Each structure stands twice: as structure tokens, then as C-alpha cells.
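**Student:** Got a structure for you, questions after.
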Amino acid sequence: MRSFASRGVIVIILGIFLMLLMGNTPIAIAQLPFELHGFLDARGGLRTQDDPHESKTATLGETRLQLHLFKALDWAKFRIKSDFLYDGAVEGADVDLREANVLFTPFEFMDLKVGRQILTWGTGDYLFINDLFPKDYNSFFIGRDDEYLKAPSNALKASFYTTTINLDFVYTPRFNPDRFIDGERLSYFNPQLGRLAGQDAAISPLKRDGWFEDSEIALRLSRDIKGYGLALYGYNGFRKSPEGYDPKAGKPTFPRLSVYGLSVRGKVWEGIGNFEMGYYDSRDDRSGEDPFIPNSQFRLLAGYEQELAIDFTGGVQYYLEQMLDYGAYKRTLPRGSHAADEFRHVITLRLTKLLMYQSLKLSLFTFYSPSDQDVYTRPNIHYRISDHWSGEVGANIFIGEKDHTFFGQFKDDTNIYLGLRWSF
Amino acid sequence: MKALYWFSFALSFGLLATPVQGEKSLPEPRKAGIEIMEKSQQAFYYAGADMKADIKMELITADGKKRIRVLTMLRWNDPKSKDQKYFLYFREPADVRGMTFMVWKYPLKESDRWIYVPAIDLVRRIAARDARSSFVGSDFTYEDVSGRNIAADAHTLLREEKIEDRDCYVVESVPKEPADYVKRISWIDKTAFLPLKEEYYDVQKELARVFTADKIEDVAATESRERKSYPTATRRTMKNLKAGHRTEVTYTSVLYNVGLQDNLFTERYLRNPPERWIK
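Those sequence lines, one after another, are chains A and B.
Read in order, the letters of the first sequence are residues 140 to 563 in the numbering used here.
Read in order, the letters of the second sequence are residues 33 to 311 in the numbering used here.
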């Protein structure tokens, strides 16, 4: 919806909304037949260095209005959450419908949520193994609120509850990919070109958009044993980002993927421990001999979080990604390509300190990969000025020896940002 | 000699495991202190089989700046033990609206806590080791909200005196393990057994925090088909004297024995808050 017309629509919506605010809004909102909440958010971000592959220094320059409509009836809950934004960094207006769903309980033992929704499961902190729901890495890397790391799914979620075990079944009739880094806003490493690229080589993958044929299924079986959450997962769908490549079409692709995994989380020592693993079955390249499709993988993470002092929490995670059939990969890798390691190790550290009656939050989240020799760190200061106003400042810092590693490829995207929000 | 050593070792072990036996050897004011605090805990934190209340917290700075937290609280007592389960649904401020928080509380070990963030559909476990940390940025700690293990303090009945026109027991409680306070003095109402006032002394032995129950209301309910009334502190204040900060809490629509079930306190309802109970 990035067009001149949509920009006009958004300006009108923003205008009407601001006029409402000038009037006696609390009364106006209270009289509505549904709950209305949301926020107005303005934020900007800048690269701290030149990026030869992107035309703009600004990574972010947006004004965003979120409207959240909610209505609970005896038999169902209705929810619509939509963002209306104008982003100066890409010179476009956009409507981002985050949620439009109905949730009801057809049977005592079953909940059904149908429509556009945000979905999350698993135990990792900013690391996902069995959560194959769409992510938005652009938002994550440029300093939008954490909320935007998750992109919406158009799906049906059926949850079944028994006294011993629960089953969640999510059906997505048409593939919902990640909002992946495509070069338009952030530069990345392009393996076909063998160099960093940006707007000059924006990714436009072969589409996977057939209704029902390009569908996804995600399952979770879970139970709680004395405060310990245990879960088994299954997924059948596609790589969420275009990690494959079709040499005939000359375009990136979303190869077929199945994932099987498990997780456990609960009290360990004086904090919370979690463990999660998954087997990534690369269904389009089971032998590992197709150099254009990622091999099957084994992924694992273990984490521990503890309150170190009052209002000061620390968390560490270890994450491992092993490429299976590594011999076949090495053998078939095109000459001159950068060979990935068989093992990718990542360690993360989260530190959070709350001050001033928890209205000031200082946080630092760092990813460090000893195998890739790269770092991604996210310092952030968030202050709740009042019950309505909040402000934040932060940075996304990428450091890497090499251009082709996971975080190293974004080193020209290192940015700082500033945001101000009014919630109602 | 060796036999005596083992005997005393076994005895002291027995004392630790079953404090009730130990109470016999305690001096009279200590025994009375424990008994009063147990009754008070029952009245203040365990009243009824379950409870539902709308809670408004006003966090007020020294210069009068106010922040508001509005939530609905559901509490369920495990009939088979002293365990409790809590469910909180946040309404205000706007940026936390719809968040839910669940606690499984055990008297002798650290609670299990979960939070649900609806905007990202995320259920998180909270790594809270310290029950003395602040509850949602207020002057109340987690323990102030859900109760502290009686055996964690040594209690002594100091005297009896009136607060306004109510007769009170005055009990001193000293933490056995180091805490953020070294002494607490409680004024416990003789009939309702609710704490009307508590003074917390910090490590400098100075008065640091003061709790007051500002309004007590009798809430009618049914228990085993009989009409009963539960005295409830519907207005409470915690003042931090050193920071000049205070938190005023109001309980409204308080209901007891509404029929909450154990299975309400699960991830299902954390993700999909039970409209019937939070309306």
C-alpha cells in the first residue's frame, strides 16, 4: 500500500485522530461500544557511518499511529489492531494490519483463534528454534519497539486442553514469510555477488503464495509438571527467509523445510533455565549436495536467567547451529564461494536494570559469535515519563571481521535511534 | 559424649523440620507472637477459598507526581496445602493493558511466576529470586502483596495497645536471614487479626517504610452455604519515609468464594484471560 493515495488516506486518518484528541477524548473513547486503545509514536534513526550501498543516512524516520479495537462478547472476543505510518526513510506511507481476529471456545476443551494474529512459542530470548512464525528483522535492526520483531500471520490456531497435555495446532493456508532484510533499507551480504549489497541488489525472491499448496502447519504438544514447562514441536513449511537460490531464474527462493524439536523451561538453581533443540529437515536438499539450498541442520540452545540484585536481571544463552552433511556441502560448494563453518556458536548476554520505581530501564543485549567472529549489541534506555508518555534511545551495533557472517554483514547498518510515544 | 552430640544434632534437625515442636520450648511472648502472626496471615492473605478484586494503585512521588496501576486480581487457595495461585490482569496504564501475570506461590520456596505480553503473544517465566523486590514499581514488595513465610522471621509479642479505638497486639518480627529490613513492628487488630499498621526498620535501624490499613470493610460471602463476613483492608498505604514516595491502594468489587478453579491458573488463561472473571 505504499502509494501516493495511501499516503493521503493516512494523513486524513492522522488528522481525524488528532482532531478527536483536541476534543474531549476520554469521554469520546469511553462512549464507544468497544474498547479503543493505542499510541502515537515518532522515532528516527541514523547510520553512524557511510553505507556505500544505501542512498540514505537515515534508517528510520517514522510517525506511527496504532489503533487497537477490542470487543468481548459472551461467545467470542474480537480484536483489530492496525498501524498507520509514514516513514521518511523509505518515503512511504503504509498500513500495517497487525491483528484482525476472533477468538472463541467452541468446546470446553478447545479455543479457536481465526484471522490475522501474532504468534509466538518456544523458550529462547531473541533466538528462535521451534518458533517458525514470521519475524521482522528490519524492525528489529533499526530500533522499532520489540513488538515489531514479530510479524503477523494469517492463520487458524486451534488449542486443545486436557488435564495431562495441551495441543496447539496452527494452520497457515498461504505461506507467511519473514519480513527479511532485502537490501532496500539495510545492506546485507549477497552470496551470488560475493559482496555486500543494498538497493543496488534488492532481493526479490520467487514467490511462494499459492493458497493451500504453499501452506504451513505448526504443532506444539505441551504440559506443565510442577512449574516446569515441557513441549514438543513440529513444523511443516518453508525457510522463512529466502535462503535458497534458483540458478535458472536467478532468484532467491524459500526452500521447503520441516522442523522437529523440544523444549523445557523452569526453575534452575536461583533463576530460570531453558533448553531447546530442533532438527531442521531441508526437504529440498536432504543429501546436502545442492549448493543453492541450505543443508539440514541441528540447532540447540540453553539459557539461564537470574535476578542478580533487586531490579537487576542477567541472562545468558548458548546457541549452536550445526550444518549436517557438511562433507557434501564442502564438495559441492561453487569455487570461489565463502564456505560456512560446520558449527556456528552464539553466546548472548542480557542485562536489565530498573531504576526510579521501575520507570527507567537500562538494558543491554549482546549476541557474540566466537565462530563467526562477529557481534551484535543492542543498548537501550527507556524512560516512562508518565502513564501516557515514554521515550527511548538506543543503538544497534554490528561488528564483524568478515563481510559474509550473520551479524558481520550488517556492519554498515550500525545505527542509533530515538523514539517518543504517547499511549492512550 | 558422642551419643549426646548425635542426640542434640538430631534434635536440632527435628526443630528445623517441624517448628511446631520447637514452639513449646519458646518463651511465652515468642509463642504468642507466632500464633498471632499465623492468624493474621490467615485473615490478611488467605481469607476465603478464593478471592476476586479490582485493585487501583497510585504511586505518588515526594513532589506529588502520580502514576496509576489498575488491575484485577484473582486468588485461589489450594485446599490441600498452604499453596496459593494468583492471576493478575492489567488495565492501566495503557502500555501494559491486557498483560497478564500468574504466580504459583509456595510458602517454603520461591514462587513460580509467568507474564504474558499480548502484543507479541509471548509467555515468559520471570526470574525473580528476591521476593523483596518491588511489585510493579510500587512501594509494596512481592511479599507485601502475597505474604511472607511466617517461619522466616522470629516473632515476639511486645505489648497490647490501641490504634484509634481498636485493640491491637504489637508484634516484633526479626528476619532470620538478612533482608532489606532488620525489624518489623506490626499492630494486629485483636478481633479481625488484620495488620492495621506495620513499621519496617532498615539496616541503619531507622524507620524506613510504614504500612497502614486505612479502611477495613466487612465483605459478605457464603462459606459452605453459610453467610460469613470477611474483614478486608480495602484501602492501604505504604510509605517510603526515606524517599518520600508512597503507594496508595484501593480494593473495589471484592468478592470471596466465587468458585475459581485450579485450572484457571494455567497458560491457557494467561494467553486468553477469562472474560467472566475479569469483566
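Glycine included, every Cβ here is placed at the ideal spot set by N, Cα and C.
Keep in mind the model is a prediction, meaning the values are calculated, not measured.
Counting C-beta neighbours from all protein chains within 10 Å, is the total for A/Ala336 16 or more, i.e. buried, or is it exposed?
**Tutor:** The sequence position of residue 336 of chain A within the first sequence is 197, counting from 1. Counting Cβ neighbours within 10 Å, A/Ala336 comes out buried, since at least 16 surround it.
**Student:** Buried or exposed for A/Trp528, please, with buried defined as at least 16 other CB atoms from any protein chain shown within 10 angstroms of its CB.
**Tutor:** For this step, residue 528 of chain A is matched to residue 389 along the first sequence. Exposed, since its Cβ has fewer than 16 Cβ neighbours within 10 Å.
**Student:** With H, G and I counted as helix, E and B as strand and the rest as coil, what does DSSP make of B/Ser61?
**Tutor:** Stepping through the second sequence from its first residue, residue 61 of chain B is reached at position 29. Sequence check: residue 61 of chain B is Pro here, not Ser. Three-state result, B/Pro61: helix.
**Student:** Is the beta carbon of A/Asn269 sitting closer than 8 Å to the one on A/Lys252?
**Tutor:** Position 130 of the first sequence holds residue 269 of chain A. Position 113 of the first sequence holds residue 252 of chain A. Taking 8 Å as the Cβ cut-off, A/Asn269 and A/Lys252 do not qualify as a contacting pair.
**Student:** Taking the alpha-carbon positions, what's the A/Gly263 to B/Asp185 distance?
**Tutor:** Here the question's residue 263 of chain A lines up with position 124 in the first sequence. Here the question's residue 185 of chain B lines up with position 153 in the second sequence. If you take the alpha carbons of A/Gly263 and B/Asp185, they lie about 38 Å apart.
**Student:** For A/Pro191, which residues of its own chain have a beta-carbon under 7 Å away from its beta-carbon, when the five flanking residues on both sides are left out?
**Tutor:** Working through the first sequence from its first residue, we reach residue 191 of chain A at position 52. Within the same chain, A/Pro191 has no close Cβ partners at all.
**Student:** Can you name, in chain order, every residue of its own chain whose Cβ lies under 7 Å from the Cβ of B/Tyr78, other than the five neighbours on each side?
**Tutor:** In the second sequence, residue 78 of chain B corresponds to position 46, counting from 1. Counting only Cβ-Cβ distances below 7 Å, and skipping sequence neighbours, we find Asn109.
**Student:** Report the residues of the segment 297 to 312 of chain A with a CB closer than 9 Å to any CB of chain B, ordered along the chain.
**Tutor:** Answer in chain order: Ser298, Tyr300, Thr302 and Asn305.
**Student:** Can you confirm whether the segment 453 to 470 of chain A touches the segment 478 to 492 of chain A when touching is taken to mean that 3 or more C-beta pairs between the two stretches lie within less than 8 Å?
**Tutor:** Contact between the segment 478 to 492 of chain A and the segment 453 to 470 of chain A is present, because at least three Cβ pairs lie under 8 Å.
**Student:** Whole beta strand (DSSP E) runs in the segment 214 to 260 of chain B with 3 or more residues, listed along the chain?
**Tutor:** Runs of the beta strand (DSSP E) inside the segment 214 to 260 of chain B: 215 to 221, 227 to 233 and 239 to 255.
**Student:** Going along the chain, which residues of its own chain have a beta-carbon closer than 7 Å to the beta-carbon of A/Asp250, five neighbours each way excluded?
**Tutor:** For the purposes of this step, residue 250 of chain A is taken as residue 111 along the first sequence, with counting starting at 1. Closer than 7 Å at Cβ, skipping near neighbours: Leu242, Thr244 and Ser298.
**Student:** Considering only DSSP beta bridges, list what A/Ala357 is partnered with.
**Tutor:** What you label residue 357 of chain A is simply residue 218 of the first sequence in a count that begins at 1. A/Val309 and A/Tyr374, per the DSSP bridge assignment.
**Student:** Report yes or no: do three or more beta-carbon pairs, one from the segment 138 to 154 of chain B and one from the segment 92 to 107 of chain B, lie closer than 8 Å?
**Tutor:** No: the two stretches stay apart, fewer than three of their Cβ pairs being nearer than 8 Å.
**Student:** Return the residues of the segment 227 to 250 of chain A that lie within a Cβ-Cβ distance of less than 7 Å from chain B, sorted by chain order.
**Tutor:** Residues Leu242 and Asp250.
**Student:** If we require 4 or more residues per run, which alpha helix (DSSP H) segments fall completely within the segment 127 to 183 of chain B?
**Tutor:** Runs found: 174 to 178.
**Student:** Could you name the residues of chain B that A/Arg281 contacts, counting a contact when the two beta carbons are closer than 9 Å?
**Tutor:** Translated into positions along the first sequence, residue 281 of chain A becomes position 142. Reading off the sequence shown, one finds Ile at residue 281 of chain A, where the question assumed Arg. Under the 9 Å cutoff, chain B gives no residues; its nearest Cβ is about 17 Å from A/Ile281.
**Student:** If you check the beta carbons only, do A/Asn554 and A/Ile320 fall under 8 Å apart?
**Tutor:** Along the first sequence, read from residue 1 onward, the residue named residue 554 of chain A stands at position 415. Along the first sequence, read from residue 1 onward, the residue named residue 320 of chain A stands at position 181. Result no, Cβ atoms of A/Asn554 and A/Ile320 do not sit closer than 8 Å.
**Student:** Under 7 Å Cβ-Cβ, which residues of chain A neighbour B/Trp309?
**Tutor:** One-based indexing of the second sequence puts residue 309 of chain B at position 277. By Cβ distance, chain A contributes nothing, its closest Cβ being about 12 Å from B/Trp309, past 7 Å.
**Student:** With a threshold of 8 Å between beta-carbons, can A/Arg141 be considered close to chain B, or not?
**Tutor:** In the first sequence, the residue the question calls residue 141 of chain A occupies position 2. The predicted model places A/Arg141 with a pLDDT of 45, which falls under 50 and marks its position as unreliable, so this point remains unresolved.
**Student:** Identify the residues that DSSP records as bridge partners of A/Asn293: which are they?
**Tutor:** Position 154 of the first sequence, counted from the start, is the residue given in the question as residue 293 of chain A. For A/Asn293, which the question treats as bridged, DSSP gives the partners A/Arg255.
**Student:** I'd like to know if B/Gly169 contacts chain A, where contact means its C-beta is closer than 8 Å to some C-beta of that chain.
**Tutor:** What you label residue 169 of chain B is simply residue 137 of the second sequence in a count that begins at 1. Yes - at least one Cβ of chain A is within 8 Å of the one on B/Gly169.
**Student:** Would you say the segment 225 to 236 of chain A touches the segment 356 to 371 of chain A, given that touching needs at least three Cβ pairs under 8 Å?
**Tutor:** Touching, no.
**Student:** On a CA-only basis, which of B/Ala159, B/Val128 and B/Ala160 is nearest B/Ile152? Give me that one, please.
**Tutor:** Translated into the one-based positions of the second sequence, residue 152 of chain B becomes position 120. Comparing Cα positions, the closest option is B/Val128.
**Student:** List the DSSP bridge partners of A/Ile219.
**Tutor:** As a working mapping, residue 219 of chain A is identified with position 80 in the first sequence. For A/Ile219, which the question treats as bridged, DSSP gives the partners A/Leu208 and A/Ala239.
**Student:** From the DSSP output, which residues share a beta bridge with A/Gln456?
**Tutor:** Position 317 of the first sequence, counting from 1, holds the residue named residue 456 of chain A. Paired residue(s): A/Gly442 and A/Thr487.
**Student:** Find the residues of chain B that neighbour A/Leu258, judging by a C-beta separation of less than 8 Å, and give them in chain order.
**Tutor:** To locate residue 258 of chain A, count along the first sequence from 1; it is residue 119. Near A/Leu258 (Cβ distances below 8 Å), the residues of chain B are Asp153.
**Student:** Do you know whose CA, among A/Thr487, A/Ile538, A/Leu439 and A/Arg517, lies nearest A/Gly417's CA?
**Tutor:** Translated into positions along the first sequence, residue 417 of chain A becomes position 278. Here the closest residue by C-alpha is A/Leu439.
**Student:** Have a look at A/Asp429 and A/Gly389 and give me their C-alpha separation to the nearest angstrom.
**Tutor:** As a working mapping, residue 429 of chain A is identified with position 290 in the first sequence. As a working mapping, residue 389 of chain A is identified with position 250 in the first sequence. If you take the alpha carbons of A/Asp429 and A/Gly389, they lie about 15 Å apart.
**Student:** Could you tell me which residues DSSP puts in a beta bridge with B/Pro263?
**Tutor:** To locate residue 263 of chain B, count along the second sequence from 1; it is residue 231. Its beta-bridge partners are B/Asp250.
**Student:** Let me know the secondary structure DSSP gives A/Ile555 once reduced to three states.
**Tutor:** In the first sequence, the residue the question calls residue 555 of chain A occupies position 416. If DSSP states are grouped into helix, strand and coil, A/Ile555 belongs with the strands.
**Student:** With a CB to CB cut of under 7 Å and the five nearest residues on each side skipped, what residues in its chain are close to A/Arg395?
**Tutor:** Your numbering for residue 395 of chain A matches position 256 in the first sequence. Hits under 7 Å: Phe377, Arg422 and Asp423.
**Student:** Can you say whether B/Glu192 is buried or exposed, counting buried as having 16 or more other CB atoms within 10 angstroms of its CB?
**Tutor:** Stepping through the second sequence from its first residue, residue 192 of chain B is reached at position 160. Counting Cβ neighbours within 10 Å, B/Glu192 comes out exposed, since fewer than 16 surround it.
**Student:** Cβ of A/Phe267 less than 8 Å from any chain B Cβ?
**Tutor:** The sequence position of residue 267 of chain A within the first sequence is 128, counting from 1. No, A/Phe267 lies away from the interface with chain B (no Cβ there is under 8 Å from its Cβ).
**Student:** Rounded to the nearest angstrom, what separates A/Leu490 and A/Gly183 at their Cα positions?
**Tutor:** By one-based count along the first sequence, residue 490 of chain A stands at place 351. By one-based count along the first sequence, residue 183 of chain A stands at place 44. So the two alpha carbons sit approximately 25 Å from each other.
**Student:** Please go through the same chain and pick out, in chain order, the residues whose beta-carbon is closer than 6 Å to the beta-carbon of B/Pro139, but skip the five residues on each side of it.
**Tutor:** Your numbering for residue 139 of chain B matches position 107 in the second sequence. Contacts found: Lys114 and Asn181.
**Student:** Could you name the residues of the same chain whose beta carbon sits closer than 7 Å to that of A/Trp561, not counting the 5 residues immediately before and after it, in chain order?
**Tutor:** Here residue 561 of chain A refers to the residue found at position 422 when the first sequence is read from its first residue. Cβ neighbours of A/Trp561 beyond the five flanking positions: Phe178, Leu179, His527 and Trp528.
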